[in-house]
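Engineer:
Chains as they are written, first to last, in our numbering: chain A, 2 to 337; chain B, 815 to 1112.
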């Protein structure tokens, strides 16, 4: 879901353990406690605490937490929706999924897609972190590479798939360059996932570059100046200054990418349209779940139970991968 | 680089570094060029005839077919979808902000012992992927609409259910970020206002909300962006094409391509979906991006 593309941002800050300064901040914001007028002020403030908080909290509990738990419960059932027979089936949905080749291939595709695009984005971001600081027009570059991130993934998917269609611009240009050997039926079932990964990298990389560059901006310029005086070139500066000092933000970015990558959906759907079914080779977990919830374009029977189980599995993968990226980034505590 | 030469270490590694740096800079500008070319290419396609799109895939249009936008808006239903999208986004984001700003203020500045755990409860929601809600959402939507039709209003619009879930799913992020902003504000003005005799609620409304304006703008814009591009909830909950939003209408338009082959119209649709957000980005984008990265770093 796109909402969470942004929404997960700050969460990752928390998840990556960047929240430590918070308690000291909180203390600083409330010196009134100890002040002369503290008592009366606190009472007045405490009176409006619940009226301000409760509307949001009630909506959150009733429409977020309860549905999430409901979904978890449904993953242990077999159901095709309201008006059909409902049955508890225990773990059968889960065992069924892990013995289904269709599910396993979407599971594998999702992991491959998240890993490959993640590595590609990381390499691109490293390249940007090496040179962008000292490149002329760097703020213009940042704005320009960020643009694909704000474009609807559906529009990205449509445009990129059109570029790669058999008579599309990519094949035409390859033909004009005399590289006919490189022409491919890019959108054929066996190639489509690779094209989708290219499109996804293109659309997402700018966000991570901007994010990591904001961490680079926080590094005192004097560090780079003294490194330069000592004769360190840009690669060495990256290796010994930028990389260690942006480690926290890199781990935040990794967490963010994991959260976003696992639920890749729109861009894949946009490659095939609502009428078609994405080929097995290109299905992600989110697409597979969507097909099970709706029963697929052919109007099959919805499989609510197993679809709910996919939702639970995706939550578990997300949490595991978040913990993993935290572990990796915390390997070497850094001292300044 | 000139410093390097002065120090005089003409080693292999410095030559390599110069080369790598050069390649990286060229690739960065290449990336920028690709992004701009992509925007121009989409725009050109939106004003080409479908025949022109295939005969002349890269150049400017041979004839400018502004009518594509008219077909996209009327025949292909993007006009109705645009109205649906604007209403849904405006209403949902308004409700999100009305709920999350007071709650974030309460949690950041007024809370006693319960504030910490409640903030954690909200932020935990951010690591739950949307897919955990897909199934319950569909069932609740069907159930709610039957309940309302049979017992309460006699009618129901699935777009209301969509707005309800837009609000619920955006709350964790909005509350969490705004709590961070309110926490970072100085408390002196709050105390001065209280000493002047302003009530606690008035202090919140007239002193603290204006102080948190930049944070509130950032969260508002990010919610607008996220909900404008949202597709899956509408796809799952709204079967009626006349009630769907721009992204879903664009998908339907694309699915009809095999019958209509109106590629010019399709790209006009892409422009209609993309242009408002690109304009929004150029208008407030820089501020929001820096606000967002600051929020993450803190």
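Even glycine gets a Cβ: it sits at the ideal position worked out from N, Cα and C.
These numbers come from a predicted model, not from an experiment.
1) What's the C-alpha gap between residue 1057 (chain B) and residue 895 (chain B)?
2) Inspect the CB distances between the stretch 1020-1034 of chain B and the stretch 239-256 of chain A and report whether three or more fall short of 8 angstroms.
3) Report, in whole angstroms, the separation of the C-beta atoms of residue 991 (chain B) and residue 1033 (chain B), which I expect to be a contact under 8 angstroms.
4) Do residue 838 (chain B) and residue 131 (chain A) count as a contact pair if the criterion is CB distance below 9 angstroms?
5) Round the Cβ separation of residue 906 (chain B) and residue 1041 (chain B) to the nearest angstrom and send it over; I've been treating them as touching at under 8 angstroms.
6) Are residue 1016 (chain B) and residue 1007 (chain B) close, meaning C-beta to C-beta below 9 angstroms?
7) In chain B, which residues lie with their C-beta within 9 angstroms of the C-beta of residue 104 (chain A)?
8) Please report whether the beta-carbon of residue 60 (chain A) lies at a distance below 9 angstroms from any beta-carbon of chain B.
9) Would you please state the rounded distance, in angstroms, between the beta carbons of residue 784 (chain B) and residue 1102 (chain B)? I believe it to be under 8 angstroms.
10) Could you give the C-beta distance for residue 996 (chain B) and residue 923 (chain B), rounded to a whole number, given that I count them as a contact under 8 angstroms?
11) If contact is defined by three or more beta carbon pairs under 8 angstroms, each pair taking one atom from either stretch, is the stretch 1082-1102 of chain B in contact with the stretch 168-183 of chain A?
12) Is the Cβ of residue 36 (chain A) closer than 9 angstroms to any Cβ of chain B?
13) Since residue 47 (chain A) meets chain B, which of its residues come closer than 8 angstroms, beta carbon to beta carbon?
14) Under the three-state reduction of DSSP, which class applies to residue 79 (chain A): helix, strand or coil?
15) Looking at the C-beta of residue 92 (chain A), does it have a partner C-beta in chain B at a distance below 9 angstroms?
16) Taking the runs of the beta strand (DSSP E) that are 3 residues or longer, which of them lie wholly in the stretch 995-1025 of chain B?
17) Residue 185 (chain A) by DSSP, collapsed to three states: which one?
18) Can you give me the C-alpha to C-alpha distance between residue 1053 (chain B) and residue 327 (chain A), rounded to a whole angstrom?
19) Let me know if residue 973 (chain B) comes out buried or exposed under the rule of 16 or more other beta-carbons within 10 Å of its beta-carbon.
20) Is there a C-beta anywhere in chain B that falls below 9 angstroms from the one on residue 89 (chain A)?
21) Once the 5 residues before and after residue 981 (chain B) are set aside, which same chain residues still bring their CB inside 8 angstroms of it?
22) My understanding is that residue 313 (chain A) touches residue 73 (chain A), with C-beta atoms under 8 angstroms, so please give their C-beta distance in whole angstroms.
23) Would a C-beta distance cut-off of 9 angstroms place residue 285 (chain A) and residue 110 (chain A) closer than the cut-off?
24) Please determine, among B:857, B:890, B:904, B:844, the residue with the shortest C-alpha to C-alpha distance to residue 1063 (chain B).
25) Please name the residue in A:128, A:66, A:70, A:65 whose C-alpha comes closest to that of residue 836 (chain B).
26) Given residue 916 (chain B), which residues of its chain have a CB within under 6 angstroms of its CB, disregarding the five upstream and five downstream residues?
27) Just verifying my parser: in three-state terms, what is the DSSP assignment at residue 44 (chain A)?
28) On the CB-based measure, 16 or more other CB atoms within 10 Å of its CB, does residue 104 (chain A) come out buried or exposed?
29) Nearest chain B C-beta to residue 54 (chain A) closer than 9 angstroms, yes or no?
30) Count the CB pairs spanning the stretch 206-226 of chain A and the stretch 142-162 of chain A that are closer than 8 angstroms, and state whether there are at least three.
31) According to DSSP, which residues form a beta bridge with residue 328 (chain A)?
32) Could you name the residues of the same chain whose beta carbon sits closer than 7 angstroms to that of residue 164 (chain A), not counting the 5 residues immediately before and after it, in chain order?
33) List the residues of chain B whose Cβ lies closer than 8 angstroms to the Cβ of residue 149 (chain A), in chain order.
34) What would DSSP say about residue 24 (chain A), mapped onto helix, strand or coil?
35) Helix or strand or just coil, what does DSSP make of residue 240 (chain A)?
36) Should residue 962 (chain B) and residue 979 (chain B) be called a contact, given that it needs their Cβ atoms to be closer than 9 angstroms?
Structural biologist: Looking at the atomic coordinates:
1) 7 angstroms
2) no
3) 5 angstroms
4) yes
5) 6 angstroms
6) yes
7) Within chain B, no residue comes near residue 104 (chain A); the closest Cβ sits about 13 angstroms away, beyond 9 angstroms.
8) yes
9) Outside the modelled stretch of chain B, which goes from 815 to 1112, sits residue 784 (chain B), for which no answer is possible.
10) 6 angstroms
11) no
12) Unreliable positioning characterises residue 36 (chain A) in this predicted model, as indicated by a pLDDT of 47, which lies under 50. A coordinate reading is not provided.
13) 924, 926
14) strand
15) no
16) none
17) coil
18) 41 angstroms
19) buried
20) no
21) 906, 909, 910, 913
22) 6 angstroms
23) yes
24) B:890
25) A:128
26) none
27) helix
28) buried
29) yes
30) yes
31) Answer by DSSP bridge pairing: none, since residue 328 (chain A) is not bridged.
32) 170, 171
33) 849, 852
34) For residue 24 (chain A), the pLDDT reaches just 40, beneath the cut-off of 50, and the residue's location in the model is therefore unreliable, leaving the point undetermined.
35) helix
36) no
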